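Numbering (the numbering used here), first residue to last: 18 to 439. Cβ coordinates follow ideal geometry from the N, Cα and C atoms, glycine included. Keep in mind that this is a model prediction, so the values were computed, not measured. Below is one structure, written out as C-alpha cells; the observations come after it.
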Amino acid sequence: MVDRQDAPSYVEERIDPMRYGLILWDRRRMIIVLTVLVALAAGAVSMMLPKEYEVTAALRLGRAGLAGDQSQYIARADDVVQLVKKGSFAKVVLEGLSLDEARYAAMLMSDLNAHAAGGGEIIYLNCLTAEPEVGIKVTNSLIKHIKDAFNPRAERQRAILITEIDQLHEAVKILEVEREVAGAEIEALRSQIAEANQVTEVSVRKKAEQIRGAKEEIAHRERRVENLAAVKGKLEGMLGLLENNTQELLRSREALPTTQESDAISGILLANNIQNGINLVDDAYDRVKTCELQISDATIEIERLRTSVATFAEESRQLQIENESAVEQLEQEIEKLALKKDKELPAKIQDTSRQIARLEINKDAIEDIEVVAEAAYLKRAVKPNLKKNVLASGFAGGIGAALLAFVLAWAPQDRGSRRKSA
18 MVDRQDAPSY
28 VEERIDPMRY
38 GLILWDRRRM
48 IIVLTVLVAL
58 AAGAVSMMLP
68 KEYEVTAALR
78 LGRAGLAGDQ
88 SQYIARADDV
98 VQLVKKGSFA
108 KVVLEGLSLD
118 EARYAAMLMS
128 DLNAHAAGGG
138 EIIYLNCLTA
148 EPEVGIKVTN
158 SLIKHIKDAF
168 NPRAERQRAI
178 LITEIDQLHE
188 AVKILEVERE
198 VAGAEIEALR
208 SQIAEANQVT
218 EVSVRKKAEQ
228 IRGAKEEIAH
238 RERRVENLAA
248 VKGKLEGMLG
258 LLENNTQELL
268 RSREALPTTQ
278 ESDAISGILL
288 ANNIQNGINL
298 VDDAYDRVKT
308 CELQISDATI
318 EIERLRTSVA
328 TFAEESRQLQ
338 IENESAVEQL
348 EQEIEKLALK
358 KDKELPAKIQ
368 DTSRQIARLE
378 INKDAIEDIE
388 VVAEAAYLKR
398 AVKPNLKKNV
408 LASGFAGGIG
418 AALLAFVLAW
428 APQDRGSRRK
438 SA
C-alpha cells in the first residue's frame, strides 16, 4: 500500500517525463535506437578497413589442329590448371615485379585459383586481392607465360603441317609428271605397234612376192620339163628310125657282091651312109640323154622352188604370228599404262589433294588460334567484394548491438529502488 501523504510525489515522479528526456524515457525504444547507432558505427568502421577485390581472367586455349569435335588443343586445360596450382609459373611471373610487389604476388599466387570450362578449352583464373593492380599484373603475367609456354606447340605443329603440305604438293607434281610420262609411253608404244605392223606388212609382202616368183619359176620349169619331154619323145622316135635305117643299111651291105667295081662303089657309099646313120643315132642318143638330164635338173629345181615356196609361206606365217604376239604384248602394256594414267594416278592425285585440303584446314585453324591468342582474347574484371564487406559490417553491428542490449538489460534501475524504499 502506498501512503496517502506520498501519493502526490509518486504521481509527480511518474508523469514527469523531463527527468530522462523526451525521447529516451522508454527503455525499450532506447535499446532499439542504440542498437541501430552501434550497427551504423560498426558498418562505417568496417568500410574504412582495406577492401578486397576479385580479379578474374579467362584464357582461351587455341587449337593445334583439326576442327569441331576432333579439335586438338595446344594444351589440355586440366594440365595447365594443375601447373598453375602447383606454382610452376611462379618464378617467371615474379621476375618482372618489384620487391614489395613480388612478396605480395607470391602470397597471391598461392591463393590464385584456376579451373577449366568451356569444353576444356577455356581456363579461368581468379583471386582475391586488396591491391587490384598487382593482382591484374600477376594474372596478366601468368597468362603471358602460359601462352609463351604452350603456343610454340602450335608453331611446331604449323611447321610440321606446312612441311607435310609442301611434301604432298611435290607428290602431286610427281604424280602429274608420272601421268605425262605414262601418256608419252602410251604414244611410244602405239608408234611401236604401227611400226611393227608396217615392218611385218612389208616383210609379208616381200615373202608373197618371193612366193609368187617361185611359183612362176616353177611353172616355167614345169613347162620346160614338158617341152624337154616332148623333145625327148621326138628324139627317141628319131633314134628308133635311125636305128632301123642303120640296121637296114647294114643288112643291105651284107647283101651286096664285092667283085664288081660298081658294087664296090655302092658298098663304099652304103658304108658311108651306115656310118652317118650310126653318127646320127649316137647324136640322137646323146641329145636324148641331154634332155633327160635337163628334165632331171628342172625337176630338182622345181622341187627346190616348191620347198622355197613352202619356206616362204611358213616364214610369212611366223612373221605374222610374231607380230601379232608383239602387238598383243604392246597393247597389254598400253592398257596397263592407260589404267595407270586415267584411273590410278588421278585417284592418287585426288587423294593427295584431299589430304592437302585437310592439312590446309588444320593449318588455317592453327593460324586462327594464333590470331585469337595474339589479340589477347582475355576478359578481366576488377570489382569490390561488396557482399563480403556488407556481411562483415552487419556481423560487427550485430555483435555490438547484442552487447549493448545485454548491458542495458542488466543495469541498475532507480525507479525500482524507489518503489522498494517506499
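From residue i to residue j, what distance separates their C-alpha atoms?
i, j, result
"Ile179", "Thr146", "45 Å"
"Leu116", "His186", "55 Å"
"Asn157", "Asn379", "29 Å"
"Leu356", "Asn214", "24 Å"
"Met255", "Ala301", "7 Å"
"Gln335", "Arg371", "52 Å"
"Glu309", "Glu318", "14 Å"
"Phe329", "Lys223", "9 Å"
"Ala225", "Glu234", "14 Å"
"Thr307", "Ser269", "32 Å"
"Ile14", "Arg207", "Here the chain has residues from 18 to 439 only, and residue 14 is not among them."
"Lys353", "Ala231", "44 Å"
"Gly250", "Asp314", "18 Å"
"Gln264", "Gln311", "30 Å"
"Asn262", "Ala247", "22 Å"
"Ile153", "Met124", "14 Å"
"Leu114", "Arg93", "29 Å"
"Ser325", "Ile291", "50 Å"
"Ser220", "Glu239", "28 Å"
"Glu212", "Gln346", "14 Å"
"Leu369", "Gly79", "Checking the sequence, you will find Thr at residue 369 rather than Leu. Going from the Cα of Thr369 to the Cα of Gly79 covers about 27 Å."
"Ala288", "Ile228", "57 Å"
"Ala171", "Ala374", "19 Å"
"Ala122", "Tyr141", "18 Å"
"Gln367", "Arg173", "27 Å"
"Ile91", "Arg175", "11 Å"
"Lys358", "Ile191", "13 Å"
"Leu252", "Ala327", "36 Å"
"Arg304", "Asn293", "16 Å"
"Arg241", "Glu320", "14 Å"
Could you pull the DSSP bridge partners for residue i from this structure?
i, result
"Cys144", "Val72"
"Arg77", "Ile139"
Assign residue i to one of two classes, buried (16 or more other C-beta atoms within 10 Å of its C-beta) or exposed (fewer than that).
i, result
"Thr217", "buried"
"Glu30", "A caution first: Glu30 carries a pLDDT of 47, below 50, which makes its placement in the model too unreliable to give a value."
"Asn168", "buried"
"Glu138", "buried"
"Asn340", "buried"
"Ser333", "buried"
"Ile383", "buried"
"Lys101", "The question names Lys, but residue 101 is Val in the sequence shown. Per the 10 Å Cβ criterion, buried."
"Gly38", "Note that Gly38 has pLDDT 47, beneath the 50 cutoff, so the model's placement of it is unreliable and the number below is only indicative. Exposed, because fewer than 16 other Cβ atoms sit within 10 Å of the Cβ of Gly38."
"Gly104", "exposed"
"Met8", "Since the first residue shown for the chain is 18 and the last is 439, residue 8 is missing from the structure and cannot be characterised."
"Lys164", "buried"
"Arg196", "buried"
"Ala338", "Sequence inspection shows Ile at residue 338; the Ala mentioned does not correspond to that position. Exposed."
"Gly257", "exposed"
"Ala236", "exposed"
Taking residue i as the reference, give the member of the options with the closest Cα.
i, options, result
"Val98", "Asn262, Ile160, Tyr70", "Ile160"
"Tyr70", "Ser333, Asp96, Arg304, Glu148", "Glu148"
"Glu150", "Ser333, Ala171, Val72", "Val72"
"Asn296", "Leu259, Glu309, Gln337", "Leu259"
"Ala166", "Val109, Lys306, Gly294, Ser370", "Val109"
"Glu193", "Gly152, Ala364, Glu348, Ala374", "Ala364"
"Ile285", "Leu266, Asp303, Val298", "Leu266"
"Asn244", "Thr316, Asn261, Val298", "Thr316"
"Glu377", "Ala75, Ala199, Lys360, Ile182", "Ile182"
"Val349", "Glu361, Ile210, Ile140", "Reading the sequence as shown, one finds Gln at residue 349 and not Val. For the residues Glu361, Ile210, Ile140, the minimum Cα distance to Gln349 belongs to Ile210."
"Asp95", "Arg77, Glu112, Ile338", "Arg77"
"Glu361", "Gln174, Ile140, Val189", "Val189"
"Ala75", "Gly257, Asp299, Asn143, Arg120", "Asn143"
Does DSSP classify residue i as helix, strand or coil?
i, result
"Ala211", "helix"
"Ile383", "helix"
"Phe329", "helix"
"Ile317", "helix"
"Ala176", "helix"
"Gly526", "Outside the shown range of the chain (18 to 439) lies residue 526, about which nothing can therefore be said."
"Ala122", "helix"
"Ser115", "coil"
"Arg93", "coil"
"Arg397", "With a pLDDT of 46 at Arg397, under the threshold of 50, the modelled position of this residue cannot be trusted; read the value that follows with caution. The answer is coil: DSSP assigns Arg397 none of H, G, I, E or B."
Under the criterion of a Cβ to heavy atom distance below 6 Å, does residue i qualify as lining the ligand MG?
i, result
"Gly104", "For the structure depicted, the ligand MG is absent and the ligand set is empty, with no information on it obtainable."
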